[in-house]
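Colleague:
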Amino acid sequence: MSKIYVVGLGPGNIECMTQEAISAIADSDTIVGYKTYVDLVQSLIEDKEVISSGMRKEIDRCTIAVTCALQGKTVALISSGDSGVYGMAGAVLEVVEKSGEDIEVEVIPGVTAANAAAACLGAPLMHDFVVISLSDLLTDWGLIKKRLHCAGEGDFVVCLYNPKSKGRPKHIEEARRILLQYKEGTTPVGIVRNAKRDGQQVDITTLDEMLNKEINMFTMVIIGNKSSYIKNNKIITPRGYKV
Numbered sequence: 104m105s106k107i108y109v110v111g112l113g114p115g116n117i118e119c120m121t122q123e124a125i126s127a128i129a130d131s132d133t134i135v136g137y138k139t140y141v142d143l144v145q146s147l148i149e150d151k152e153v154i155s156s157g158m159r160k161e162i163d164r165c166t167i168a169v170t171c172a173l174q175g176k177t178v179a180l181i182s183s184g185d186s187g188v189y190g191m192a193g194a195v196l197e198v199v200e201k202s203g204e205d206i207e208v209e210v211i212p213g214v215t216a217a218n219a220a221a222a223c224l225g226a227p228l229m230h231d232f233v234v235i236s237l238s239d240l241l242t243d244w245g246l247i248k249k250r251l252h253c254a255g256e257g258d259f260v261v262c263l264y265n266p267k268s269k270g271r272p273k274h275i276e277e278a279r280r281i282l283l284q285y286k287e288g289t290t291p292v293g294i295v296r297n298a299k300r301d302g303q304q305v306d307i308t309t310l311d312e313m314l315n316k317e318i319n320m321f322t323m324v325i326i327g328n329k330s331s332y333i334k335n336n337k338i339i340t341p342r343g344y345k346v
């Protein structure tokens, strides 16, 4: 049977990849992915056929993966982080379903950006948390704002993906304004750029001061809940154990 692995590479370094992901890539004849992600695993794919493309070509990459699989090749379609979290898993399953072809799809999980950033910060995700992308390319901004209000009202720890880009420099400012309606300005905030990659930078600050730090598309922003605190340059969100 034709087969496509949808592989989550994790945050970017091979040490953070799962053994299952490494094995799936080794088992594949063809690697399909966004060029930046292909570059992250160059040492693992030197003997493979590699097909890469640029941003916003997700459906094209899924179609290419299906075409290659139907040619009898085992394909690894790669994503950063976890392939099922803002990744390629859903898209490839939809494309395969629409094709009507008998193709096996196996989703290989990976360490998410939120998990990688949290590890850099200490233990900010020890209690209930939400992940919200501030990119409105595929989701209406009004709906994103509604989700921010709900997260704030519920006192969730909030992980913000895609917090800022040249095309939407103000979304992070509005997200902060919304969350300040529910959280104190002293709420701990962790800002991690290039988590677990070359160039990693970590800032620990507060909701009041967070916009004074560099935030870009390579950044994960984690905003604590009412019980989160900073100690020894780490953010801790208590789970509730008696220590």
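Heads up, the sequence shown is in the numbering used here, so the first residue is 104 and it goes up one at a time. Ideal Cβ placement from N, Cα and C applies to all residues, glycine included. Small disclaimer: the values here were computed from a predicted structure and weren't measured.
If I measure Cβ to Cβ from Val110 and keep anything under 8 Å in the same chain, skipping five residues before and after, which residues do I get?
Modeller: So the qualifying residues of the chain are Ala124, Ala127, Ile128, Ala179, Leu180, Ile181, Ser182, Ser186, Ile211 and Gly213.
Colleague: What does the Cβ neighbour count give for Asn328, buried or exposed, with the cut at 16 atoms within 10 Å?
Modeller: Buried, because 16 or more other Cβ atoms sit within 10 Å of the Cβ of Asn328.
Colleague: Please classify Glu317 as buried or exposed, where buried requires at least 16 other C-beta atoms within 10 Å of its C-beta.
Modeller: It counts as exposed.
Colleague: Along the alpha helix (DSSP H) that carries Gln122, what are the first and last residues, could you check?
Modeller: Gln122 to Asp130 is the span of the alpha helix (DSSP H), which, as asked, contains Gln122.
Colleague: Based on the DSSP secondary-structure assignment, which residues constitute the bridge partners of Ile333?
Modeller: Paired residue(s): Ile338.
Colleague: Throw me the rounded Cβ distance for the Ser155 and Gly136 pair, which I believe falls under 8 Å.
Modeller: 6 Å between Cβ atoms; contact.
Colleague: Using 8 Å for Cβ pairs, my map puts Glu204 next to Val169. What's the rounded Cβ distance?
Modeller: Contact holds; Cβ gap of about 7 Å.
Colleague: If I measure Cβ to Cβ from Asp239 and keep anything under 8 Å in the same chain, skipping five residues before and after, which residues do I get?
Modeller: Cβ within range, chain order: Ile247, Arg271 and His274.
Colleague: Sorted by chain position, which residues of the same chain lie with C-beta nearer than 8 Å to Leu173's C-beta, five sequence neighbours on each side aside?
Modeller: Counting only Cβ-Cβ distances below 8 Å, and skipping sequence neighbours, we find Ser105, Glu204 and Ile206.
Colleague: Taking 9 Å as the threshold (C-beta atoms), are Val324 and Gly302 in contact?
Modeller: No. Outside cutoff.
Colleague: Please give me, in chain order, every unbroken run of the beta strand (DSSP E) with length at least 3 that falls completely inside the region 179–262.
Modeller: Counting whole runs of 3 or more residues, the region 179–262 contains the beta strand (DSSP E) stretches 206–211 and 232–236.
Colleague: Go through its chain and collect everything with a Cβ distance to Met229's Cβ below 6 Å, but skip five positions before and after it.
Modeller: The answer, listed in chain order, is Thr340 and Arg342.
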